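Asks: Next up is a structure, given as structure tokens.
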Amino acid sequence: MNQFGGNWTEAKMEIVVAYAKAYLTIMNKQSWVKTLYFDGFAGSGSIGINDYEESIKGTALRILEIKNPKPFDIYYFVEKDEKNKLALETTINAKYFGKNAHVVQADCNAKLLDMANYLITHKNFRALVFIDPYGMTVNWQSIEALKDLGIDLWILVPTGLGVNRLLKNDSDISDAWLNKLEKFLGLPRQYIIDHFYKRKDVNTLFGIETQISKEKDIVNKIGDLYTERLKTVFKYVSESFVMKNSTNSIMYHFMMATNKPAGLTIANDVIKPKYKL
Ligand SMILES: C[S@@+](CC[C@H](N)C(=O)[O-])C[C@H]1O[C@@H](n2cnc3c(N)ncnc32)[C@H](O)[C@@H]1O
Numbered sequence: 042m043n044q045f046g047g048n049w050t051e052a053k054m055e056i057v058v059a060y061a062k063a064y065l066t067i068m069n070k071q072s073w074v075k076t077l078y079f080d081g082f083a084g085s086g087s088i089g090i091n092d093y094e095e096s097i098k099g100t101a102l103r104i105l106e107i108k109n110p111k112p113f114d115i116y117y118f119v120e121k122d123e124k125n126k127l128a129l130e131t132t133i134n135a136k137y138f139g140k141n142a143h144v145v146q147a148d149c150n151a152k153l154l155d156m157a158n159y160l161i162t163h164k165n166f167r168a169l170v171f172i173d174p175y176g177m178t179v180n181w182q183s184i185e186a187l188k189d190l191g192i193d194l195w196i197l198v199p200t201g202l203g204v205n206r207l208l209k210n211d212s213d214i215s216d217a218w219l220n221k222l223e224k225f226l227g228l229p230r231q232y233i234i235d236h237f238y239k240r241k242d243v244n245t246l247f248g249i250e251t252q253i254s255k256e257k258d259i260v261n262k263i264g265d266l267y268t269e270r271l272k273t274v275f276k277y278v279s280e281s282f283v284m285k286n287s288t289n290s291i292m293y294h295f296m297m298a299t300n301k302p303a304g305l306t307i308a309n310d311v312i313k314p315k316y317k318l
């Protein structure tokens with residue numbers, strides 16, 4: 042079972058489900074199109090609340106329950122943890138029998154590449170992709186592989202909880218963390234440093250000293266950079282639904298990338314009512 046992260050967990054699921062319904066309404070008008078729902082971090086099917094004493098349905102099951110205007114033709118759920126994978130599979134076999142649903146125990150990065158290859162050879166398929174990691178698990182290379190394909194991608198970007206934690210205040214970042222930032226953003230380390238830190242020469246008693254400081258509003262700046270990165274792969278990227286913790290610190294930016302203007306409009310429409318949370 043996965044653990045509940047507050048109001049925003051519910052909001053995130055509602056956004057994806059609302060988008061999926063609108064998406065299927067559009068796809069329903071194109072009879073030649075087959076639809077694939079790909080969930081790269083599917084979870085166990087339920088999310089624990091109140092110290093796991095109660096649980097609510099996870100996104101995977103909510104998506105499987107959509108009947109109107111029609112269900113997806115194929116569901117592909119990726120989950121790395123064996124226990125979670127088995128739990129999700131068991132629930133699907135028991136309660137959602139008859140759906141064309143596949144549950145695989147694998148790394149999302151590998152399966153994103155497999156899905157891209159599948160879509161290249163199955164031109165009549167369109168995919169709605171949901172990427173819901175806790176941390177910086179998705180490599181930029183996996184996102185880049187989705188270029189020019191019929192994909193609408195919802196992605197949870199760990200701006201505050203991931204990237205910002207690696208961008209140390211004094212810019213003295215270890216080699217391992219710089220590698221992680223490079224892999225996640227698909228950018229060279231010098232670009233990343235220059236983008237997020239300011240240098241200022243100041244006169245001191247002992248001569249000129251270069252002071253380095255982090256840019257202001259850094260977490261939103263990380264969100265903006267990820268949006269720009271997505272725009273190199275997809276034509277349009279939505280506004281972000283910004284998720285904060287109880288102390289008002291930003292944890293994640295949740296955004297949608299698509300090649301269709303209608304997808305962009307719908308994404309912004311489903312995000313907007315959630316801003317006030
Ligand atoms: C935030 S939870 C997903 C919650 C789920 N989307 C829902 O709405 O119920 C993240 C899940 O990703 C799984 N996970 C972690 N690393 C992974 C990876 N590299 N590939 C696939 N799944 C992974 C974890 O075991 C965990 O169940």
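Positions 42 to 318 (our numbering) are the ones given, in order, by the sequence shown. Glycine included, C-beta positions come from ideal geometry on N, C-alpha and C. Being a predicted model, the structure only gives us computed values, none of them experimental.
1. Just to check my reading of the structure: L77 and I104 have Cβ atoms closer than 8 Å, yes? What is that Cβ distance to the nearest angstrom?
2. Quick check: A52 and K315, are their CB atoms within less than 8 Å of each other?
3. Under the rule that 16 or more other beta-carbon atoms within 10 Å means buried, what is W73, buried or exposed?
4. Closer than 6 Å by C-beta to M156: which residues in its own chain qualify, once you throw out the five before and the five after it? Chain order, please.
5. Mind checking who V283 pairs with in its DSSP beta bridge?
6. Let me know the beta strand (DSSP E) ranges lying completely inside the stretch 236-272, each 3 residues or longer, listed in chain order.
7. Please specify which runs of the alpha helix (DSSP H), each continuous and at least 4 residues long, are wholly inside the stretch 170-207, giving them in chain order.
8. I'd like to confirm something about A101: is its beta-carbon nearer than 7 Å to some heavy atom of ligand 1, or not?
9. Within 10 angstroms of the Cβ of P112, are there 16 or more other Cβ atoms? Answer buried if so, exposed if not.
10. Leaving aside the five residues before and after T132 along the sequence, list all residues of the same chain whose C-beta is less than 6 Å from its C-beta, in chain order.
11. Might you give, ordered along the chain, the residues of its own chain that have their beta carbon closer than 8 Å to the beta carbon of K124, omitting 5 neighbours on each side?
12. State yes or no: is the C-beta of M54 nearer than 7 Å to some heavy atom of ligand 1?
13. If I follow the unbroken beta strand (DSSP E) through I107, where does it start and stop?
14. At what residue ranges does the stretch 79-147 contain a whole run of the beta strand (DSSP E), taking only runs of 3 or more?
Replies: Quick look at the numbers:
1. At roughly 12 Å, the Cβ-Cβ gap does not stay under 8 Å, so L77 and I104 are not in contact.
2. yes
3. exposed
4. F79
5. H294
6. At a cut-off of 3 residues, the continuous stretches assigned as beta strand (DSSP E) that sit fully inside the stretch 236-272 are 238-245, 248-255.
7. Runs found: 181-185.
8. yes
9. It counts as buried.
10. G86
11. S85
12. yes
13. Unbroken run through I107: none, as it is neither H nor E.
14. 87-90, 95-98, 115-119, 142-145
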